[in-house]
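Student: Supplied in structure tokens, the structure appears directly below.
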Amino acid sequence: MFKKILVANRGEIAVRVIRTAKEMGIATVAVYSELDREALHVRLADEAYALGGQTAAESYLNTDAILNALTLSGADALHPGYGFYSENTDFARAIGEIGVTFIGPPPEAIEVMGDKISSRIAATKAGVEGVPGTVEVIKSPDEVIAFGEEFGWPVAIKAAYGGGGRGMRVVNSPQEAAQALESAQREAEKAFGRSESYIERYLTWPRHIEMQIFCDNFGNAIWLGERDCSCQRRHQKLIEESPAPNFDDSVRQRMGEAAIKVARACGYRNAGTVEFLFQDGEFYFLEMNTRLQVEHPVTEAITSLDLVELQIRIAAGEPLGITQDQIKRSGHAIEIRINAEDPSGGKFLPSPGTITKFTAPNGFATRLDAGYIQGDTVSQFYDNLVGKVIVWGKDRESARRRMVRALDEIQIEGILTTIPAQQILLEKADFINATHSTKWVEGVEELKSLKVARPTSTDDQGNEVVARDVTAEVNGKRINVRLYLPEIATSVASAPLAPGRKGAASPRSRSHAHGATGGSGKISVPMQGTIVKVSVNVGDKVDAGDTVCILEAMKMENAILADKAGEVTEIKVKPGDTVGTGDIVVVIS
């Protein structure tokens with residue numbers, strides 16, 4: 005067994021791995037960026053090493069810095085968590101070359117399955133068919149248009165390297181192809197260091213069902229059960245559960261067997277998840293995630309198995325120690341992801357800041373996996389996952405009711421979270437009856453009218469202002485402060501990036517923005533972030549609702565929209581600039 009494990013990640017997954025390692029009697033090593041110096045995973049680890057930098061590229065994606073931390077700490081194994089380097093072949097090889105065990109699959113399996121194109125080819129050879137799509141890297145928007153004309157619209161552009169919905173764009177018409185491809189490639193490059201993309205047919209009302217598998221070094225392979233992850237926004241999951249509701253056991257058995265075929269086809273070892281789309285009684289191979297999944301706790305809840313412990317033991321050379329017929333699944337588990345986002349209007353805009361209050365839910369069969377505690381700051385530079393609530397019940401309805409109760413108990417202040425939206429979704433008949441799909445959330449009317457209130461006050465002139473937590477530097481010292489700034493009409497000022505003319509937001513957002521004839525023309529940003537693209541030039545004529553620039557915050561791209569028609573007279577930012585809440589980026593007169 006390993007003596008010391010370095011966890012090359014941050015947030016709740018780093019905390020999760022550290023806790024299991026400690027229970028196994030293994031020393032733990034954390035790594036951290038400048039912004040994570042006092043983070044929870046750093047405080048829990050036995051020792052910690054600075055990576056330097058603030059952004060992910062400067063810190064958690066800095067191979068040399070992580071290799072140096074391995075050398076200094078003397079760790080004999082590395083757990084990559086999920087995201088960052090967890091599915092990076094070159095990184096896995098670099099770890100092995102210095103004699104450190106990578107707790108995950110062999111680099112060759114990551115290479116085959118981490119590339120979504122080669123994984124489709126491998127799955128097909130194993131007899132597991134996928135959704136109709138291409139097996140070549142997209143070279144131009146013309147290829148997207150040709151595919152859409154042949155298979156029908158909409159189509160999906162997807163990152164060949166990576167997962168979690170990053171680098172994915174849905175294209176509804178030929179006019180959207182060029183911008184959607186550019187946006188998908190840009191996001192994929194930032195998230196995974198690779199911009200290659202491919203195309204798939206976009207199913208009309210599918211469910212997203214994935215199968216958890218484990219393989220050891222002795223040829224043993226098992227599937228533990230499926231998870232239904234259909235409740236999504238922007239192709240990222242809000243609610244996950246196991247077992248999948250309204251899912252025939254014969255289909256479950258066939259899907260489990262198909263998942264094992266895919267794993268064996270690439271010589272897989274350790275934990276992996278084979279993802280499928282399920283529609284009209286048929287399932288299609290989607291991709292394989294060669295890592296632990298965010299939603300792994302629901303599988304733990306119904307199987308009573310610690311999946312991180314299984315990962316560590318397999319990596320240390322131990323056999324699985326359990327056969328397929330020994331796996332017992334009991335009851336029903338549901339997980340909700342707590343993301344630092346403002347769900348008002350169904351927009352789910354990033355909401356970084358300092359957590360001023362964090363009261364956890366409690367009670368029977370209720371679990372909280374969090375990477376933050378009260379007083380911690382959720383930075384704009386990283387993924388916005390704050391934590392996860394997991395509950396178990398004897399059946400799905402009892403688990404759903406337990407989750408409703410748990411979300412009523414939890415209290416988080418200082419940032420806005422997705423919880424108000426999840427409370428609505430859990431009570432919807434479509435969710436209760438399991439008739440929802442991956443496209444369901446965007447059509448829930450209650451989310452479109454949802455307004456999550458921020459603490460408000462008034463300035464000296466009696467104008468209403470809103471409290472916003474920001475990070476500032478005073479004489480070189482980093483401090484967190486609360487500022488009271490004029491409320492920004494985010495429905496006009498910004499919107500989640502979607503394909504359209506001039507990089508505009510969705511037709512609904514554009515229509516609403518056109519009504520904003522009283523805009524000031526001083527276009528400001530509603531949150532901290534980094535400018536990744538300026539879409540206009542001085543002298544350009546714009547309409548209300550046109551995109552003037554694109555802001556990236558918490559790994560999400562947001563289109564900053566013009567609040568009135570006119571001429572661009574001043575541009576105050578350029579790509580790469582970091583901006584704060586309320587900063588003016590473009591002036592229109």
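According to my numbering, the stretch in the sequence shown is residues 5 to 593, in order. Cβ atoms here follow ideal geometry from the backbone N, Cα and C, with glycine treated the same way. Note that the structure is predicted; figures quoted are calculated from it, not measured.
If you reduce the DSSP assignment to three classes, tell me which class Gly-349 lands in.
Tutor: Gly-349 falls in the helix class under three-state DSSP.
Student: I need the DSSP call for Asp-399, collapsed to helix, strand or coil.
Tutor: Looking at Asp-399 - three-state DSSP - the assignment turns out to be coil, as it is neither helix nor strand.
Student: If you scan the segment 362-417 from start to end, which runs of the beta strand (DSSP E) of 3 or more residues do you find wholly inside it?
Tutor: Taking only runs of at least 3 residues, the beta strand (DSSP E) segments lying wholly in the segment 362-417 are 370-374, 389-397 and 415-417.
Student: For Ala-181, which residues from the same chain have a beta carbon less than 7 Å from its beta carbon, with the 5 sequence-adjacent residues on both sides left out?
Tutor: Around Ala-181: Pro-145, Val-148, Ile-149 and Val-175.
Student: Taking Met-5 as the reference, give the member of Cys-233, Ala-60, Asp-346 and Val-104 with the closest Cα.
Tutor: Among Cys-233, Ala-60, Asp-346 and Val-104, the Cα nearest to that of Met-5 is on Val-104.
Student: Based on the DSSP secondary-structure assignment, which residues constitute the bridge partners of Ser-246?
Tutor: Answer is Ala-337.
Student: Taking DSSP as the reference, what is the three-state secondary structure of Pro-136?
Tutor: Three-state result, Pro-136: coil.
Student: Tell me the rounded alpha-carbon separation between Tyr-272 and Asn-224.
Tutor: Taking the straight line from one Cα to the other gives about 10 Å.
Student: Short of 8 Å in beta carbon distance, which residues of its chain neighbour Glu-377, apart from the five on each side in sequence? Order them along the chain.
Tutor: For the record, residue 377 in the displayed sequence is Ile; it is not Glu. Hits under 8 Å: Leu-44, Ile-359 and Phe-362.
Student: Under 8 Å by Cβ, that's how I've got Ile-107 and Leu-71 pegged, so tell me the actual separation to the nearest angstrom.
Tutor: At roughly 16 Å, the Cβ-Cβ gap does not stay under 8 Å, so Ile-107 and Leu-71 are not in contact.
Student: Throw me the rounded Cβ distance for the Ala-248 and Ile-217 pair, which I believe falls under 8 Å.
Tutor: Contact doesn't hold; Cβ gap of about 16 Å is too wide.
Student: Please name the residue in Glu-571, Leu-555 and Asn-562 whose C-alpha comes closest to that of Pro-579.
Tutor: It is Leu-555 whose Cα lies nearest to the Cα of Pro-579.
Student: With distance defined between alpha-carbon atoms, name the residue in Ile-338, Arg-333 and Leu-309 nearest to Gly-325.
Tutor: Closest option to Gly-325, Cα to Cα, is Leu-309.
Student: Report yes if the C-beta distance between Gly-523 and Asp-567 is below 9 Å; otherwise report no.
Tutor: Yes, Cβ-Cβ distance for Gly-523 and Asp-567 is below 9 Å.
Student: Short check: CB of Ala-163 to CB of Ala-192, under 9 Å?
Tutor: Going by C-beta atoms, Ala-163 is nearer than 9 Å to Ala-192.
Student: What separation, rounded to the nearest whole angstrom, lies between the Cα atoms of Glu-261 and Trp-227?
Tutor: Each residue's Cα considered, the two are about 8 Å apart.
Student: Would you kindly report the start and end of the unbroken beta strand (DSSP E) that includes Met-292?
Tutor: Met-292 -> beta strand (DSSP E) spans 286-293.
Student: Can you tell me the Cβ-Cβ gap for Ala-275 and Leu-314, rounded? I've got them flagged as a contact below 8 Å.
Tutor: Right, their Cβ atoms sit about 7 Å apart.
Student: I think Ala-195 touches Met-172, with their Cβ atoms under 8 Å apart; what is that distance to the nearest whole Å?
Tutor: Actually they do not touch by this definition, with Cβ atoms about 11 Å apart.
Student: Let me check understanding here. Comparing Cα to Cα, which of Phe-88, Val-529, Val-159 and Tyr-36 lies closest to Ser-355?
Tutor: When each option's Cα is compared against that of Ser-355, the closest is Val-529.
Student: Given a cut-off of 9 Å on the beta-carbon distance, is the pair Gly-169 and Arg-198 in contact?
Tutor: No, the pair does not count as a contact, with Cβ atoms beyond the cut-off.
Student: Three-state secondary structure (DSSP) at Pro-110?
Tutor: Here Pro-110 sits in coil by DSSP.
Student: For Arg-505, collect the residues of the same chain with a Cβ closer than 6 Å to its Cβ; drop the 5 residues on either side in sequence, then sort them by chain order.
Tutor: Residue placement at Arg-505 is flagged as unreliable, the pLDDT there being 37, under the threshold of 50; the coordinate-derived value follows with that caveat. Excluding sequence neighbours, Arg-505 sits near nothing in its chain.
Student: Rounding to the nearest angstrom, what Cα-Cα distance links Ser-348 and Ile-99 in this structure?
Tutor: If you take the alpha carbons of Ser-348 and Ile-99, they lie about 43 Å apart.
Student: Run the CB neighbour count on Glu-16, radius 10 Å, all protein chains shown included, and call it buried at 16 or more, exposed below.
Tutor: When all chains shown are included, Glu-16 counts as buried.
Student: What separation, rounded to the nearest whole angstrom, lies between the Cα atoms of Ala-60 and Glu-291?
Tutor: Approximately 25 Å, taken between the alpha carbons.
Student: Report yes or no: do three or more beta-carbon pairs, one from the segment 417-435 and one from the segment 316-336, lie closer than 8 Å?
Tutor: Contact fails: fewer than three Cβ-Cβ distances are below 8 Å.
Student: Taking contact to mean 3 or more Cβ pairs, one atom from each stretch, closer than 8 Å, check whether the segment 389-405 and the segment 325-344 are in contact.
Tutor: Yes, the segment 389-405 touches the segment 325-344.
Student: Could you tell me if Asn-293 is buried or exposed, where buried requires 16 or more neighbouring beta carbons within 10 angstroms of its beta carbon?
Tutor: The residue is buried, with at least 16 neighbouring Cβ atoms inside 10 Å.
Student: If we ignore side chains and look at the alpha-carbon of each, how far apart do Val-19 and Leu-48 end up?
Tutor: Roughly 7 Å between the two C-alpha positions.
Student: So for Val-589, helix, strand or coil by DSSP?
Tutor: The answer is strand: DSSP assigns Val-589 an E or B state.
Student: Starting from Lys-8, trace the beta strand (DSSP E) both ways and give me its first and last residue.
Tutor: Lys-8 -> beta strand (DSSP E) spans 8-11.
Student: Tell me which residues share the same chain as Phe-155 and place their Cβ nearer than 8 Å to its Cβ, disregarding the 5 neighbours each side in the sequence.
Tutor: The answer, listed in chain order, is Pro-136 and Arg-205.
Student: Taking the C-alpha atoms as reference points, what is the distance between Trp-396 and Tyr-89?
Tutor: Each residue's Cα considered, the two are about 31 Å apart.
Student: Between which two residues does the beta strand (DSSP E) containing Asp-232 stretch?
Tutor: Here the beta strand (DSSP E) through Asp-232 covers 225-237.
Student: Rounded to whole angstroms, what is the Cα-Cα separation between His-516 and Ala-433?
Tutor: Because the pLDDT of His-516 is 34, which lies under 50, any placement of that residue in the model is unreliable, and the number read from its coordinates should be weighed accordingly. His-516 and Ala-433: Cα-Cα distance of roughly 29 Å.
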